[in-house]
Amino acid sequence: MFMLHYEFPGFATNDISSSRGINRREMGHGMLAEKALKHVIPKDFPYSLRLACQVLESNGSSSMASACVGSLALMDAGVKILNPVAGVAIGLVKDEPSDKYTILTDILGIEDYMGDMDFKIAGTKEGYTAMQLDLKITGLPIAILAEALRRATNGIRHVLDRMAEILPESRSSFKDSVPVITTMDMLPFQRSILFRSAGYNVKLIEAETGVKIEQEDDKRIALMAPTGHCLEEAKQMIERMLAESTEVDLDWGAVYEMTIVEVLEKGIKVSAKDGTRPFTVFNRELDTKYVAHPSALGLKIGDKIKVGYYGRDPETGEHRLSCKKVRYTASVKPVTDLNRRR
Numbered sequence: 074m075f076m077l078h079y080e081f082p083g084f085a086t087n088d089i090s091s092s093r094g095i096n097r098r099e100m101g102h103g104m105l106a107e108k109a110l111k112h113v114i115p116k117d118f119p120y121s122l123r124l125a126c127q128v129l130e131s132n133g134s135s136s137m138a139s140a141c142v143g144s145l146a147l148m149d150a151g152v153k154i155l156n157p158v159a160g161v162a163i164g165l166v167k168d169e170p171s172d173k174y175t176i177l178t179d180i181l182g183i184e185d186y187m188g189d190m191d192f193k194i195a196g197t198k199e200g201y202t203a204m205q206l207d208l209k210i211t212g213l214p215i216a217i218l219a220e221a222l223r224r225a226t227n228g229i230r231h232v233l234d235r236m237a238e239i240l241p242e243s244r245s246s247f248k249d250s251v252p253v254i255t256t257m258d259m260l261p262f263q264r265s266i267l268f269r270s271a272g273y274n275v276k277l278i279e280a281e282t283g284v285k286i287e288q289e290d291d292k293r294i295a296l297m298a299p300t301g302h303c304l305e306e307a308k309q310m311i312e313r314m315l316a317e318s319t320e321v322d323l324d325w326g327a328v329y330e331m332t333i334v335e336v337l338e339k340g341i342k343v344s345a346k347d348g349t350r351p352f353t354v355f356n357r358e359l360d361t362k363y364v365a366h367p368s369a370l371g372l373k374i375g376d377k378i379k380v381g382y383y384g385r386d387p388e389t390g391e392h393r394l395s396c397k398k399v400r401y402t403a404s405v406k407p408v409t410d411l412n413r414r415r
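Residues 74 to 415 (the numbering used here) are what the sequence shown spells out, left to right.
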């Protein structure tokens, strides 16, 4: 989305008056400048763009000036516009009885007021992007129209050459002040570290860095940062949180003796060691027979229980633990052999 906000305060023409709301003239000039620029905005540009044009002083076409400086502002911000845009206002003074006329390029305010035409034309070196024709006479001959377009083409190319001396092309990267949107690959079990406890870690990152984090899909999260520096800070916090996670590494097929730390309707939570993240063992994995509730097996908080480890679920990434066929297994791997993640 691209929008241009045009403002023409009274002091731009030495008018001393109270501030007022936007009028039809400002709306029309703003729409013309917006149309002149929107055709060069890349269709796949990922951000919404708001271009603010405030006229500080005027004795000519402020809408065409807005197209010129708007093009430079977009390029300076790092927007890869298709081509730079410039604009010029073409005027006409015509003597009706004799058909004598004079075409004026880049008219002043007095020439607009006293003349018979205000023809605003904006475009690139490849062609025109916007036009607006205001006439005070009954008609405009094709010959005059063609000559006005030729004058405008030459004027636009001249302005574009002057603009190229200042900024020949768009900057290679956005400024540091430009908001940044990116994604990070993250497994489901890693997402649970960020979003658990009502999203405490996500809220902590947003409070300290200003970066908003949302779930993009099952394997990615989206980060929206006010600046690139804030984004890097948020990424470092995320990496630190994942590295400091109190999960443990388990060996596939090994049997461990763990402690029940919570009894739920759907199963139990067991911990390998104090201070580590608990694992969930669902009711269907507690015994070979149907178990409606852990209490049916007499399980309670603090009990020791043997569980087998069978890797991570390929869909959710969560650990898979089961008590089936291991409740009476003699070979148990000591908890002290578990290694904390670094």
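Idealized CB from N, CA, C, for every residue including glycine.
Treat the numbers as computed from the prediction; the structure is a model and nothing was measured.
- Shown here, Lys-111 sits in a helix according to DSSP, grouped into three states.
- By the Cβ neighbour-count rule, Phe-81 is buried, with 16 or more other Cβ atoms within 10 Å of its own.
- With distances taken between CA atoms, Gly-228 lies nearest to Tyr-201 out of Ile-374, Met-187 and Tyr-201.
- A direct Cα-Cα distance of roughly 20 Å separates Val-113 from Ser-135.
- Residue state for Thr-175 is assigned as strand, using DSSP reduced to three classes.
- The three-state reading of DSSP puts Gly-196 in strand, counting E and B together.
- Within the DSSP bridge table, the entry for Gln-309 names no partner.
- Here Lys-285 is bridged, per DSSP, to Met-297.
- By DSSP's assignment, Glu-238 forms no beta bridge with any residue.
- For the segment 129–163, the full-length alpha helix (DSSP H) segments reaching 4 residues or more read 135–150 along the chain.
- Put simply, the segment 235–248 does not touch the segment 192–212. Fewer than three CB pairs are less than 8 Å apart.
- For Asp-207, the uninterrupted beta strand (DSSP E) run begins and ends at 201–208, by DSSP.
- Using a C-beta cut-off of 8 Å, the segment 304–316 makes contact with the segment 271–284, since at least three inter-stretch Cβ pairs fall below that distance.
- Around the beta carbon of Gly-381, a 10 Å sphere encloses 16 or more other beta carbons of the protein chains shown; the residue is thus reported as buried.
- In terms of Cα proximity to Met-100, the closest of Glu-289, Met-76 and Val-336 is Met-76.
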